[in-house]
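Enquirer: Provided herewith is a single structure, encoded as structure tokens, for subsequent inquiry.
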Amino acid sequence: MVSESAESQRTRSPRSASVLLASNRGPVSFGLDEGGVLTARRGGGGLVSGLSSIEADPGEVVWVCAALSEGDRTAVRRSPGGRLDRSGLFEQSGGAAVRMLDIDEETFHAAYNAVANSTLWFVQHMLFSTPTSPAFGPEFAGQWRAFEAYNLAFAEALAEEAAYGARVLIQDYHLCLAPKLLRQLRPDLRIGHFSHTPWAPPDYFRILPDAVAAQILEGMLGADRTCFLTRRWADAFADCCEVLLGSRPEPERLGVHPLGVDAAALIERAAQDDVAQRERELRATVGADRQVLVRVDRTELSKNIVRGLEAYALLLRSHPEWRGKAVHIGFAYPSRTDLAEYRDYTAAVQRLAKEIEHEFTSPEYPGWQPLIMHVEDDFARSLAAYRMADVAVVNPIRDGMNLVAKEIPIIAEAAGGACALVLSREAGAYAELAEAAFTVNPYDVTATAEAMHEALSQGADARAERCARLARLGAALPPQRWFSEQLDALAKLTASTE
């Protein structure tokens, strides 16, 4: 690719954004009714919170994202250049104008579902059943071309929106090729890439075809800084570069930025009326004088919900003293329901939940419901469960961070309670929270059941002291600081040139 001259980049007026963010999912989604009327639903999360920390004039911050639905695509068609702020459909989110990309549906499906979520996500979480999958043949080659086209669409949009020398933060595995593509288009920019997932060690990463694996690494190294949630994931990435590319990245090009919770905002949300109503309903179901174990997850394969439920069942078998005295609340948000593996996993969770209810519900313990399981999205109800938690169960097979491990102690403490944490050593949050948690091997159901028993048996003073530490650690790196530290690091760099 031929890049423009520095002078033309400085003088071309449509480029005004000094800070840009790129992610597959944006801060807004649109519904479309039969009459063609669009309704916008604002999103939340760490990126929106982080953007609120930027001090900039309107138009200087732009968020580039993909259209994910027919409503989104209609919104793009009604917005000049896909800029939602220019059509009045959506003004700003966290201080950022939004440019939404209407990528061809077939291309998007191949890039997002076949490559990003069915291949790259499985590699980084080390979840393939390798005797049968993956198998990379001609079909994957076509899907990979779609993935390249998807990343190029983002790179071109960022190049069009960015002012000379702008700072760009590109998010996650969906856009692992975009940094190099953007660098080729705009060598003046200061580019960061952030991975929200774990990173696989070289032996597992090399499941990918050699050329694809190298292209991913080289794509991410197109950024000035390649960043991760923990040192462990950054080191694994560097190991892959050494094995596959022959050299490790310079240390200053690798960033580690753990992500914490916006505690004040979360506590404020948990104090609202809809949460209070759901808490009353849950407390009525749980009953008085019973301890509550809480888990809240998406129904992703990595979250290890099935083994967690098996461990709870084993707890009730091996420590029958908890029958009638402990209740497990499990909320699972549906995830990636268009993929068969996820539908099958959700069904397995629901089957096991019914088996536990059937095995342990008994007239010997009147009013005791051993397990309260819901597979549906209800954030207010999840916050109500957080407020009630005596023990939080977070046992993923592998997780980039897992903010639930940080959120539950914060809300439990703010509600006047205290929460113990049963935490997988394979969660990124383990690097920060291990000192105050009950650590488990996520594959060891017996040990997880014993950790639940120890957490339930913990004295009130010890639990309160641990919960206070967990809450403090979980709030130490809020999204605003996480975001601003990355921007500050880019501001100190001299942009790469070619």
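For reference, each letter of the sequence shown is one residue, going 72 to 569 in this note's numbering.
By construction, the Cβ of each residue, glycine as well, lies at the ideal position given by its N, Cα and C atoms.
CA-CA distance, Pro322 and Val446?
Expert: Counting from one through the sequence shown, the residue named residue 322 turns up at place 251. Counting from one through the sequence shown, the residue named residue 446 turns up at place 375. When rounded, the distance between both Cα atoms is 43 Å.
Enquirer: Quick one: give me the first and last residue of the beta strand (DSSP E) that Ser100 is part of.
Expert: What you label residue 100 is simply residue 29 of the sequence shown in a count that begins at 1. Run containing Ser100: Val99 to Leu103, per the beta strand (DSSP E) assignment.
Enquirer: Could you check the C-alpha separation between Ala498 and Gly107 for me, to the nearest Å?
Expert: Stepping through the sequence shown from its first residue, residue 498 is reached at position 427. Stepping through the sequence shown from its first residue, residue 107 is reached at position 36. Going from the Cα of Ala498 to the Cα of Gly107 covers about 44 Å.
Enquirer: Which parts of the region 443-511 are runs of the alpha helix (DSSP H), unbroken and 4 residues or longer, counting only runs that do not cross its ends?
Expert: Entirely contained in the region 443-511, the alpha helix (DSSP H) runs reaching 4 residues are, in chain order, 450-459, 475-485 and 501-504.
Enquirer: Taking Pro269 as the reference, which of Arg351, Ala234 and Ala309 has the closest Cα?
Expert: Indexing the sequence shown from 1 puts residue 269 at position 198. Among Arg351, Ala234 and Ala309, the Cα nearest to that of Pro269 belongs to Ala309.
Enquirer: Cβ atoms of Pro441 and Leu387: under 8 Å apart, would you say?
Expert: Taking the first residue of the sequence shown as 1, we reach residue 387 at position 316. Taking the first residue of the sequence shown as 1, we reach residue 441 at position 370. Closer than 8 Å, so yes.
Enquirer: Can you give the Cα-Cα distance for Arg493 and Val475, rounded to whole angstroms?
Expert: Walking along the sequence shown from the start, residue 493 turns up at place 422. Walking along the sequence shown from the start, residue 475 turns up at place 404. This sequence places Val at residue 493; Arg is not what is there. Cα-Cα distance, rounded: 12 Å.
Enquirer: Could you have a look at Arg552 and say whether DSSP puts it in helix, strand or coil?
Expert: The sequence position of residue 552 within the sequence shown is 481, counting from 1. DSSP places Arg552 in helix when its eight states are reduced to three.
Enquirer: Kindly indicate the opening and closing residues of the alpha helix (DSSP H) around Thr297.
Expert: For the purposes of this step, residue 297 is identified with residue 226 of the sequence shown, where counting begins at 1. That residue, Thr297, is in no alpha helix (DSSP H); its beta strand (DSSP E) goes Arg296 to Phe299.
Enquirer: Checking 8 Å against the spacing of the C-beta atoms, do Ala226 and Leu260 come in under that value?
Expert: To locate residue 226, count along the sequence shown from 1; it is residue 155. To locate residue 260, count along the sequence shown from 1; it is residue 189. Contact flag unset, no.
Enquirer: Any chance you could list the beta strand (DSSP E) runs of at least 3 consecutive residues sitting entirely within the region 365-438, in chain order?
Expert: Fully enclosed beta strand (DSSP E) runs of 3 or longer: 397-404.
Enquirer: Answer yes or no: do Gly102 and Arg112 have a C-beta to C-beta separation smaller than 8 Å?
Expert: The residue you call residue 102 lines up with position 31 of the sequence shown. The residue you call residue 112 lines up with position 41 of the sequence shown. The answer is yes: Cβ separation under 8 Å.
Enquirer: By alpha-carbon positions, which one of Asp360, Ala359, Arg452 and Tyr416 ends up nearest to Gly401?
Expert: Your numbering for residue 401 matches position 330 in the sequence shown. Out of Asp360, Ala359, Arg452 and Tyr416, Arg452 has the C-alpha closest to the C-alpha of Gly401.
Enquirer: What would DSSP say about Ala168, mapped onto helix, strand or coil?
Expert: Working through the sequence shown from its first residue, we reach residue 168 at position 97. Strand, per DSSP.
Enquirer: Tell me which same chain residues have a C-beta within less than 6 Å of the C-beta of Leu561, skipping the five on either side of it?
Expert: By one-based count along the sequence shown, residue 561 stands at place 490. So the qualifying residues of the chain are Arg238, Arg261 and Gly263.
Enquirer: How is Ser158 classed by DSSP in three states: helix, strand or coil?
Expert: As a working note, residue 158 is residue 87 in the sequence shown. It is coil, neither helix nor strand.
Enquirer: Any idea if Ser528 is buried or exposed, counting beta-carbon neighbours within 10 angstroms, 16 or more meaning buried?
Expert: The sequence position of residue 528 within the sequence shown is 457, counting from 1. By the neighbour-count rule (16 or more Cβ atoms within 10 Å), Ser528 is not buried but exposed.
Enquirer: Return helix, strand or coil for Ile262, following the three-state DSSP convention.
Expert: Here residue 262 refers to the residue found at position 191 of the sequence shown. Looking at Ile262 - three-state DSSP - the assignment turns out to be strand.
Enquirer: Which of the three DSSP states is assigned to Gln440 in this structure?
Expert: For the purposes of this step, residue 440 is identified with residue 369 of the sequence shown, where counting begins at 1. In this structure, Gln440 counts as coil in the three-state DSSP scheme.
Enquirer: Helix or strand or just coil, what does DSSP make of Ala237?
Expert: To locate residue 237, count along the sequence shown from 1; it is residue 166. Strand.
Enquirer: How would you label Pro391, buried or exposed, when you count the other beta carbons within 10 angstroms and need 16 or more for buried?
Expert: Start at 1 with the first residue of the sequence shown, and residue 391 comes out as number 320. The residue in question, Pro391, is exposed, as its Cβ has fewer than 16 Cβ neighbours within 10 Å.
Enquirer: Pick out the complete beta strand (DSSP E) segments inside the region 309-351, 3 residues or longer, and give them in chain order.
Expert: Runs found: 325-327.
Enquirer: How close, in whole Å, do the beta carbons of His196 and Ile481 come, if the pair is a contact with beta carbons under 8 Å?
Expert: To locate residue 196, count along the sequence shown from 1; it is residue 125. To locate residue 481, count along the sequence shown from 1; it is residue 410. Rounded, the Cβ-Cβ distance is 26 Å, inconsistent with contact.
Enquirer: Within 8 Å, do at least three Cβ pairs link the region 364-378 to the region 399-414?
Expert: Counting Cβ pairs under 8 Å, three or more are found: they touch.
Enquirer: Taking DSSP as the reference, what is the three-state secondary structure of Gln529?
Expert: Here the question's residue 529 lines up with position 458 in the sequence shown. Residue state, collapsed to three classes: coil.
Enquirer: Are the region 416-428 and the region 484-492 touching by the rule of at least three beta carbon pairs closer than 8 Å?
Expert: No contact exists between the region 416-428 and the region 484-492.
Enquirer: Any contact between the region 290-301 and the region 169-184? By contact I mean 3 or more CB pairs, one from each, below 8 Å.
Expert: These segments do not touch.
Enquirer: Curious, which full-length beta strand (DSSP E) runs of at least 3 residues does the region 197-246 contain?
Expert: You should have 233-242.
Enquirer: Just to confirm the assignment, what range does the beta strand (DSSP E) spanning Leu92 have?
Expert: As a first step, residue 92 must be located in the sequence shown, where it is residue number 21. Run containing Leu92: Ala88 to Ala93, per the beta strand (DSSP E) assignment.
Enquirer: For Gly471, collect the residues of the same chain with a Cβ closer than 6 Å to its Cβ; drop the 5 residues on either side in sequence, then sort them by chain order.
Expert: On the sequence shown, position 400 is the one that residue 471 refers to. Contacts found: His267, Thr268, Pro269, Leu300 and Gly499.
Enquirer: What does a CB cutoff of less than 6 Å around Leu139 pick up in its chain, not counting 5 residues either side in sequence?
Expert: Position 68 of the sequence shown, counting from 1, holds the residue named residue 139. Cβ neighbours of Leu139 beyond the five flanking positions: none.
Enquirer: Among the candidates Ala384, Asp281 and Ala336, whose CA atom is the shortest distance from the CA of Cys311?
Expert: Numbered from its first residue, the sequence shown carries residue 311 at position 240. When each option's Cα is compared against that of Cys311, the closest is Asp281.
Enquirer: For Asp173, collect the residues of the same chain with a Cβ closer than 6 Å to its Cβ; drop the 5 residues on either side in sequence, then sort them by chain order.
Expert: Looking up residue 173 in the sequence shown gives position 102. Same-chain partners within the cutoff: Ala138, Arg144 and Val147.
Enquirer: Leaving aside the five residues before and after Cys247 along the sequence, list all residues of the same chain whose C-beta is less than 6 Å from its C-beta, in chain order.
Expert: Stepping through the sequence shown from its first residue, residue 247 is reached at position 176. Cβ within range, chain order: Ile287, Gly290 and Met291.
Enquirer: Please go through the same chain and pick out, in chain order, the residues whose beta-carbon is closer than 7 Å to the beta-carbon of Ala305, but skip the five residues on each side of it.
Expert: What you label residue 305 is simply residue 234 of the sequence shown in a count that begins at 1. Hits under 7 Å: Phe299, Leu325 and Val327.
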